[in-house]
Amino acid sequence: MPHIFEADVVSAILRHMNGDHTDDNLLITRAFSAVEDGEITDAVMTDLDGDGGVWKVTRSGVASELRIAWPSGSITERPAVRREVVALYDLACEKLGVEPRPHS
């Protein structure tokens with residue numbers, strides 16, 4: 067059973083990802099979804115737990131859910147969420163041939 071983060075923690079992370087990282091949401095979901103399902107035109111992070119993140123993705127006007135596991139495996143602490151999202155971003159850039167921006 068995955069670790070469940072407190073609701074206020076999840077809410078803060080989702081607000082940050084969907085407010086400040088909309089392009090990253092698209093990049094990550096495009097890199098880790100099945101290409102044959104069509105191009106993702108919109109992606110919103112909707113949930114997360116200790117095993118991974120969940121995004122609502124839209125392809126050809128149809129919304130579906132995409133779950134992506136954390137690259138390093140299961141996590142249990144809030145600071146690890148940032149580390150794993152950054153790792154997903156870096157892996158997505160590598161997979162899609164995009165130059166990653168520096169992390170602060």
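For the record, in the sequence shown the residue sitting at position 95 is 161 according to this note's numbering, with numbers rising by one throughout.
All C-beta atoms in this analysis are idealised placements derived from N, C-alpha and C, irrespective of residue type, glycine included.
When C-alpha distances from E143 are compared across L114, A109, T124, the shortest belongs to L114. The Cβ-Cβ distance between A158 and R96 falls below 9 Å.
In terms of Cα proximity to D89, the closest of A73, R148, T107 is T107. Leaving aside the five residues that flank P68 on each side, the residues in its chain whose CB is nearer than 7 Å to its CB run, in chain order, D115, G116, D117, S140.
When the Cα atoms are used, I79 and L132 turn out to be separated by approximately 17 Å.
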